[in-house]
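A.B. asks: Sequence positions in the sequence shown follow the working numbering and run 2 to 618. We treat Cβ as the ideally placed atom computed from N, Cα and C, and that holds for glycine. In this text, all values refer to a predicted model and were calculated from it rather than measured experimentally. Got a structure here, written out as structure tokens. Questions coming.
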Amino acid sequence: MADIIQLLPDHVANQIAAGEVVQRPASVVKELLENAIDANATIIKLLIKDAGKTLVQVIDNGVGMSVTDARLSFERHATSKIRSADDLFQLHTKGFRGEALASIAAIAHVELKSKQEHDDVGTQIVIEGSEVTSQEVIVTPKGTSIAVKNLFFNIPARRNFLKSNPVELRHIIDEFHRVALAHPNIEFVMYHNGSEVFNLPESNYRQRIVNIFGSKTNEKLVPVNEETEILKVSGFVGKPEYAKKTRGEQFFFVNQRFIKSAYLNHAINAAFEGLLKDGTHASYFLNLEVNPQTIDINIHPTKTEIKFDDEQTLYAILRASVKHSLGQFSIAPVLDFDRDSNLDTPYNYKDKNASFPTVEVDSTFNPFKEEKTMRSAVKTAFRKEPVASWESLYVGLESKGTKSPNDFSELQFESEEQTGDMFSDDKDAEAIQNTYQLHNKYIISNIKSGMLMINQHRAHQRVLYEDFLKQITIKESVSQQLLFPVEAHFSPEEVEIIKDVRDDLEHTGFVFSNFTKDVIEITGVPINVPASEVSLIFEQLIADIQNEVPESNFSATDLLAKSMAKSLAIKIGQSLTAKEQDHLVNSLFGCKEPNISPANKPTFITLSMDELDRKFV
Ligand code: ADP
Ligand code: MG
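Written as structure tokens, this is what we have:
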């Protein structure tokens, strides 16, 4: 039989390699930015068109390339950064594989211009699908410009696989953030479709963070600095009260290289233990400096994972340094035996809504019953007191929900009703109330065949979701004008996200008066939405949009309605009056799809008499 094994031609090998290196436009951004940094640039410009699908261009003022190097740079395994395997353990550059430019050139139209400082003229090379179509001598400033056009032009399947522009742009911005945060001493500018998105002058680390994430960030940062023999930690963590629902602002850099590490992330969480509200994530911007010989960055082609020789020690040091910082800036409670702990205010107490004292009414109390019961009722009242005050400590912690100023009247209404109950006999009470709230979580109701158990939080989400959807689609909403405009602070990127869904938000009843780079000013809110909830709603919305992996059926309207319903739905643990319970049940069954929540979870279950009877055999 004839031999059948052949070596793959270079352009095929390059295309295959490209699949590993270039997943999306953001991968190109990362590779080009890193090359510019390795070339010792001090000013780097990133130009993007159509979320990188049409153009990704990086212009730097670095060392540039000679004619030969310019041509060689597109060859696979051509690198100026390492010469032998030993160099891998001494890496001081981002790149080392010599694969990026070859891979990119295999799947796009690339135009390179480069000149070294002491040369009079530079080189221009145009290369399309690994084929050099022109090479010329040109006049160009010192440094390198690489423009990557029509990414995946020769792999339609990959091109079709790209997500919507907002999603691809977000990936690009993520990469840009990572590189820009690792190098505050370099000036970065980014343009998208001709308009400037970021302008980051050379600065210190704190200023760089603030320039990226908005001026409000400054007050949120707690410095972390610790130096040991094996690890130097520097940077910032976010104060716990500013913790976000997204994991967005979590950055580890090891020797100025962005890395992901679930293990080290755990170390930070451990340091924050007990300080964060449920469902929120601490932000951090931490630079770790270790001896390059103790790490192996070679294990993953896109290089965000890393292997440490002694991970456990790093964990311990990291956790201790963050804990120490939080303690030093009196964010974490310090052990102090001389201090009366009653005098301590919980760290975010000032941000809580003031809550009305709870009134505990013993509904079994009947003054007309014999003395024995009376005495026990009095006892109960006494026993309840410490419980009530203990509970009141937690009031406000969980009620991010729709508690409105008329809670107080509802409360009175409830006790009034219960006072009334004291005098009526059991039969009447049954006739009035046909729902019952179980553990402030489920609403139980009679139905013909048996009983119905409704999850109050999910049911309310369904009701609100359908309401919002209707308002957005028929574009008829009612807003309430705010006496004082609400200012919500976000990062420029987050403001962009809100801007994207602005129209839909307006259809639900929001009125925006001003958008700046990092502040959104709101003068009107949908009816029934308390002004105090606005920031939370937006924060949730941003988190939801960021976490959404849009599929073909992605709809911003749907997402918005879901997100707002989630923020505003009555929470588990919220007690409801009989009237409210009744109203919720009725509204739920007025919905188009009452049986599932917007997240496709059951809103209620039924238990038939048969099933019940069977349990009693
Ligand atoms: P690597 O970065 O792993 O070496 P690349 O394919 O990204 O591989 O780049 C190949 C070579 O091209 C680099 O080693 C470098 O010598 C040269 N090069 C690439 N980009 C630039 C740039 N912006 N300025 C100067 N030289 C560059
Ligand atoms: Mg490179």
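Determine the closest residue to Gln-136 out of Glu-100, Glu-176, Arg-72 and Gln-541, with distance taken between C-alpha atoms.
C.D. replies: Indexing the sequence shown from 1 puts residue 136 at position 135. Cα-wise, what sits closest to Gln-136 is Arg-72.
A.B. asks: By Cβ distance below 6 Å, which residues in the same chain neighbour Gly-99 in space, the five residues on each side in sequence not counted?
C.D. replies: In the sequence shown, counting from the first residue as 1, residue 99 sits at position 98. Excluding residues within five positions, the ones whose Cβ falls inside 6 Å are His-78, Ala-79 and Thr-80.
A.B. asks: Where does Leu-336 fall in DSSP's three states?
C.D. replies: Along the sequence shown, one-based indexing puts residue 336 at 335. In this prediction, Leu-336 scores a pLDDT of 45, lower than 50, which makes its location untrustworthy; no coordinate-derived value is stated.
A.B. asks: In chain order, which beta strand (DSSP E) runs of at least 3 residues are fully inside the stretch 46 to 86?
C.D. replies: Complete beta strand (DSSP E) runs here, min 3: 56 to 61.
A.B. asks: Just reading off the alpha helix (DSSP H) that Ser-196 is part of, what are its end residues?
C.D. replies: Against the sequence shown, residue 196 aligns to sequence position 195. From DSSP, Ser-196 is part of no alpha helix (DSSP H) but of the beta strand (DSSP E) over 196 to 201.
A.B. asks: Hey, which residues come within less than 5 Å of ligand 2, measuring from Cβ to any heavy atom, in chain order?
C.D. replies: This criterion selects Asn-36, Gly-96 and Ala-101.
A.B. asks: State yes or no: is the C-beta of Leu-277 within less than 7 Å of the C-beta of Pro-224?
C.D. replies: Here residue 277 is taken as the residue at index 276 of the sequence shown, counted from 1. Here residue 224 is taken as the residue at index 223 of the sequence shown, counted from 1. The answer is no: Cβ separation not under 7 Å.
A.B. asks: Note down, in chain order, each residue of its chain lying with its Cβ closer than 6 Å to the Cβ of Ala-19, except the 5 sequence neighbours on either side.
C.D. replies: Along the sequence shown, one-based indexing puts residue 19 at 18. Closer than 6 Å at the Cβ level, and outside the excluded window around Ala-19, lie Ser-104, Ala-107 and Ile-108.
A.B. asks: So what does DSSP say about Leu-232, is it helix, strand or coil?
C.D. replies: Along the sequence shown, one-based indexing puts residue 232 at 231. Coil.
A.B. asks: Count the other CB atoms within 10 Å of the CB of Phe-254; is the residue buried (16 or more) or exposed (fewer)?
C.D. replies: As a first step, residue 254 is located in the sequence shown; it is residue number 253 there, counting from the start. It counts as buried.
A.B. asks: Go to Val-22, then tell me how far its alpha helix (DSSP H) extends in each direction, as first and last residue.
C.D. replies: Sequence index remark: in the sequence shown, residue 22 carries index 21 (1-based). First-last of the alpha helix (DSSP H) with Val-22: 11 to 22.
A.B. asks: Just to confirm the assignment, what range does the alpha helix (DSSP H) spanning His-508 have?
C.D. replies: If you number the sequence shown from 1, residue 508 lands on position 507. Counting along the chain, the alpha helix (DSSP H) containing His-508 begins and ends at 503 to 509.
A.B. asks: By a C-beta neighbour count over all protein chains shown, 10 Å radius and 16 as the cutoff for buried, is Pro-157 buried or exposed?
C.D. replies: As a first step, residue 157 must be located in the sequence shown, where it is residue number 156. Answer is exposed; the Cβ neighbour count stays below 16.
A.B. asks: Identify which residue in Arg-258, Tyr-243, Ser-450 and Glu-522 has its Cα closest to the Cα of Asp-279.
C.D. replies: Counting from one through the sequence shown, the residue named residue 279 turns up at place 278. Ranking Arg-258, Tyr-243, Ser-450 and Glu-522 by Cα distance to Asp-279 puts Tyr-243 first.
A.B. asks: With DSSP as the reference, identify every bridge partner of Met-191, one or two as the case may be.
C.D. replies: As a first step, residue 191 must be located in the sequence shown, where it is residue number 190. DSSP, once it has assigned bridges, lists Leu-47 and Phe-199 as partnering Met-191.
A.B. asks: Gly-20: beta carbon under 6 Å from a heavy atom of ligand 1?
C.D. replies: Counted from its first residue, the sequence shown places residue 20 at position 19. No - ligand 1 has no heavy atom lying nearer than 6 Å to the Cβ of Gly-20.
A.B. asks: So the candidates are Glu-220, Met-565, Ile-147 and Gly-249; which of them puts its Cα closest to the Cα of Glu-494?
C.D. replies: Looking up residue 494 in the sequence shown gives position 493. Out of Glu-220, Met-565, Ile-147 and Gly-249, Gly-249 has the C-alpha closest to the C-alpha of Glu-494.
A.B. asks: Does Tyr-437 pass the burial test, meaning 16 or more other C-beta atoms within 10 Å, or should it be called exposed?
C.D. replies: The residue labelled residue 437 in the question sits at position 436 within the sequence shown. Tyr-437 should be labelled exposed.
A.B. asks: According to the neighbour-count rule (16 or more other Cβ atoms, all chains shown, within 10 Å of its Cβ), is Ala-600 buried or exposed?
C.D. replies: Walking along the sequence shown from the start, residue 600 turns up at place 599. Exposed: under 16 other Cβ atoms inside 10 Å.
A.B. asks: To the nearest angstrom, how far is the alpha carbon of His-282 from that of Val-464?
C.D. replies: Position 281 of the sequence shown, counted from the start, is the residue given in the question as residue 282. Position 463 of the sequence shown, counted from the start, is the residue given in the question as residue 464. Roughly 29 Å between the two C-alpha positions.
A.B. asks: Can you give me the C-alpha to C-alpha distance between Val-198 and Val-190, rounded to a whole angstrom?
C.D. replies: Translated into the one-based positions of the sequence shown, residue 198 becomes position 197. Translated into the one-based positions of the sequence shown, residue 190 becomes position 189. Answer to the nearest angstrom: the Cα atoms are 8 Å apart.
A.B. asks: CB-CB under 6 Å to Ser-235, same chain, minus the five flanking residues each way: which ones, in chain order?
C.D. replies: For the purposes of this step, residue 235 is taken as the residue at position 234 of the sequence shown. Correct list, in chain order: Asn-226 and Asn-288.
A.B. asks: Keeping to the same chain, check which residues put their C-beta closer than 7 Å to that of Arg-320; ignore five residues upstream and five downstream.
C.D. replies: Residue numbering aside, residue 320 sits at position 319 when the sequence shown is read from its first letter. For Arg-320, where only same-chain residues beyond five positions count, the Cβ hits under 7 Å are Ala-268, Ala-271 and Ala-272.
A.B. asks: Should Asp-611 go down as buried or exposed, given a rule of 16 or more other Cβ atoms within 10 Å for buried?
C.D. replies: Residue numbering aside, residue 611 sits at position 610 when the sequence shown is read from its first letter. Exposed is the call here.
A.B. asks: Report the three-state DSSP secondary structure of Asp-118 (helix, strand or coil).
C.D. replies: Here residue 118 corresponds to residue number 117 of the sequence shown, with the count starting at 1. Note on identity: in this sequence residue 118 is Glu, with Asp being the wrong assignment. Coil at Glu-118, not helix or strand.
A.B. asks: Ligand 1 heavy atoms versus the CB of Asp-51: any closer than 6 Å?
C.D. replies: Numbered from 1 along the sequence shown, position 50 holds the residue referred to as residue 51. Result no, Cβ not under 6 Å from ligand 1.
A.B. asks: Less than 7 Å separating the beta-carbons of Ala-148 and Val-22?
C.D. replies: The residue you call residue 148 lines up with position 147 of the sequence shown. The residue you call residue 22 lines up with position 21 of the sequence shown. Their beta carbons are not under 7 Å apart, which means Ala-148 does not touch Val-22 by this criterion.
A.B. asks: State yes or no: is the C-beta of Ser-533 nearer than 6 Å to some heavy atom of ligand 1?
C.D. replies: The count along the sequence shown starts at 1 and reaches residue 533 at position 532. Ser-533 Cβ: outside cutoff for every heavy atom of ligand 1.
A.B. asks: Identify every run of the alpha helix (DSSP H) within the stretch 233 to 313, keeping only runs that are complete inside it and at least 4 residues long; order them along the chain.
C.D. replies: Fully enclosed alpha helix (DSSP H) runs of 4 or longer: 263 to 272.
A.B. asks: So, Ile-498 versus Phe-513, is the Cβ gap smaller than 7 Å?
C.D. replies: Numbered from its first residue, the sequence shown carries residue 498 at position 497. Numbered from its first residue, the sequence shown carries residue 513 at position 512. No, the pair does not count as a contact, with Cβ atoms beyond the cut-off.
A.B. asks: I need the straight-line Cα distance from Lys-116 to Pro-486, nearest angstrom please.
C.D. replies: Taking the sequence shown and counting its residues from 1, one reaches residue 116 at position 115. Taking the sequence shown and counting its residues from 1, one reaches residue 486 at position 485. Rounded to whole angstroms, Lys-116 to Pro-486 spans 54 Å at the Cα level.
A.B. asks: Which same chain residues, not among the five before or five after Leu-47, have their C-beta less than 6 Å away from its C-beta?
C.D. replies: Here the question's residue 47 lines up with position 46 in the sequence shown. So the qualifying residues of the chain are Val-59 and Met-191.
A.B. asks: Quick one: Cα of Thr-218 to Cα of Asp-504, how far?
C.D. replies: Position 217 of the sequence shown, counting from 1, holds the residue named residue 218. Position 503 of the sequence shown, counting from 1, holds the residue named residue 504. Approximately 27 Å, taken between the alpha carbons.
A.B. asks: Would you decide whether Leu-201 is buried or exposed? Buried here means 16 or more other CB atoms lie within 10 Å of its CB.
C.D. replies: Mapped onto the sequence shown, residue 201 falls at position 200. Buried: at least 16 other Cβ atoms inside 10 Å.
A.B. asks: What does a CB cutoff of less than 7 Å around Ala-42 pick up in its chain, not counting 5 residues either side in sequence?
C.D. replies: Position 41 of the sequence shown, counted from the start, is the residue given in the question as residue 42. Result list for Ala-42: Asp-61, Asn-62, Gly-63, Gly-144 and Ile-187, in chain order.
A.B. asks: Kindly identify the DSSP beta-bridge partner or partners of Lys-580.
C.D. replies: Walking along the sequence shown from the start, residue 580 turns up at place 579. Partner(s): none; Lys-580 has no beta bridge.
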